[in-house]
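Worksheet: one structure, shown below.
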Amino acid sequence: MSSEPASDKKTHAPKGIPPEADRLNCVYDPIRLDDLLCGLEPLPDGDDGLPPLRVSSLEPALLLTEIARPSPVGDGGWAAEVPPPARRPAPVEAPPPMVTPVAALREADPSALMEALTILADTPEPVIEPAPEPEPEPEPVPVEQGEIAGLEAMIEALIAAYHPLGMAATKGDSTLPKSLDSLALLLSDPPPAQDFAALDALYACWPKTTVNSDSRALLAVAHNLSRNFGLPGKLPMASSKAWCMLSPMVFETELAQRLIDVGTFIADWQKTQRTFLILEFGEVELIEHLFEALNPAAHADLLAGVMNFKVLSNRRMGLLRRIPYRLKRQVTPLLPHSKEEALVIMAHTKALLEQLADPSGFAPIVQTANKLLEELEKMMKAVAAAGAPPPAAPPGGGLALGRMG
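Going by the working numbering, the first residue of the sequence shown is number 789, and it counts up by one from there.
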């Protein structure tokens, strides 16, 4: 045996290894090669669905990286790391040629084509079944006269109970809506417990866009839904919507009485209760609607009393600031042929503002009323001049005469 150390022994690349490996100063270890070969024993076919791995299938570059062990740099090995050689990309298979339908027909057997056409000609056409006839609508269930009479009696009783004179006035339309079940729910005692349920029943009887209605049934529903104003069991959305659907011209007395009842409730609460009254948005909306729907000519004191509702807070000034816009919309159709009537309407509104401008009142309301009085006086001057002929032009067509000579 030779005494030469194994590290100084130059081992050339085995067979199958590229000769360039000698330039890398590599040392080949046969034991490492045996370990590699032992670790690549092929698995039986079909165990994992892949072909067995064989040493002969490895590329020489891969064998070089697994078998060759580079010598240390200090022993004269490579001076820098050499990146492993890149693997060759797999060949890209060309896509199969496209066959157009025309080319397929040209290459087909003529006898096969004739046979296919014969089969198609002998195939019967599909039978299209006619659409089923719509089922006839069910006939409406006849309503008993006793049920209608009972609803009419409930309507008249509610109107009489809330009428200021204790008697039902003969005004409005007595026709009942089509949905009698929803009407019975709205007139029930007690009324519906849920506000949304009451609102759905209201829309089932009258459309959402209903305005200026003269229905006596709707008046009775409005009374019944607002019976718990400000109290547990109140229905703010449904009650406010019902009152907004009614005609202020037909049911002016009933709307005024509703505002009187609300004012009495708020005044009693402010005197007897220590806690601050909190109203729902629908209840505040109802008060504002009643204030704007009533005529100041007949209800000036009642409208002025609304400014004492502390629960409305700053919304009271908002009600006053909307007066000029509402007044202009009301009198514009009357001009110029009925400007006297328009001036009378504006004069009643001016009297209401003068009552609210009392220096002893709430300061923000007094200031707002004074500003609106100035604006209203300008509007009245413009209305008084509506339709008047334009002033005559001065002599000379309005041009200054030049000095002659």
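The C-beta atom is built at its ideal place from N, Cα and C for all residues, glycine as well.
For clarity, every value in this text was computed on a predicted model and none was experimentally measured.
- For L1034, the secondary structure class from DSSP, reduced to helix, strand or coil, is strand.
- Counting the other CB atoms within 10 Å of its CB gives L1115 a total of 16 or more, which places it among the buried residues.
- Every unbroken stretch of the alpha helix (DSSP H) spanning 4 or more residues and falling wholly within the segment 1099 to 1169 is given here in chain order: 1103 to 1109, 1111 to 1119, 1127 to 1144.
- For K1159, the number of other beta carbons within 10 angstroms of its own is below 16, and it is reported as exposed.
- Boundaries of the alpha helix (DSSP H) around G1051: 1040 to 1060.
- The residue among V1171, L964, A1139, P920 with its C-alpha nearest the C-alpha of A937 is L964.
- Within the same chain, Cβ atoms closer than 7 Å to the Cβ of A1030 are found at L990, L1006, V1009, A1010, L1013, the five residues on either side in sequence being excluded.
- Excluding residues up to 5 positions away in sequence, N1000, S1001, D1002 lie with their Cβ nearer than 7 Å to the Cβ of S1035 in the same chain.
- The C-beta distance from P1024 to F1069 rounds to 7 Å, short enough to meet the 8 Å contact threshold.
- The criterion of a C-beta distance shorter than 8 Å is satisfied by T1137 and L1164.
- CA-CA distance, E935 to N1096, rounds to 45 Å.
- If you compare the alpha carbons of S967, A972, E940 with that of D961, the shortest gap goes to E940.
- The count of Cβ pairs closer than 8 Å, one atom from the segment 1134 to 1149 and one from the segment 1085 to 1092, reaches three, so the stretches are in contact.
- Taking 8 Å as the cut-off, the Cβ atoms of L1122 and A1130 count as close.
- The segment 1033 to 1048 and the segment 1075 to 1084 touch, with no fewer than 3 CB-CB distances between them shorter than 8 Å.
- At least 8 Å separates the beta-carbon of R1004 from that of I916.
- At a Cβ-Cβ threshold of 8 Å, A1026 and D983 count as neighbours.
- By the Cβ neighbour-count rule, Y950 is buried, with 16 or more other Cβ atoms within 10 Å of its own.
- Its chain contains L1140, Q1143, L1144 as the residues whose beta carbon lies nearer than 7 Å to that of A1092, once the 5 sequence neighbours on both sides are disregarded; these appear in chain order.
- Contact between R1015 and P979 holds, since their C-beta atoms are separated by about 7 Å, short of 8 Å.
- Burial state of T997 is exposed, judged by a 10 Å Cβ sphere holding fewer than 16 other Cβ atoms.
- DSSP places S976 outside both helix and strand once states are collapsed to three, so it counts as coil.
- D988 sits in a helix when the DSSP states are folded into three classes.
- In this structure, M1168 is the residue among A945, M1168, L987, L1100 with its C-alpha nearest to the C-alpha of V1119.
- Around the beta carbon of L905, fewer than 16 other beta carbons sit within 10 angstroms, so the residue counts as exposed.
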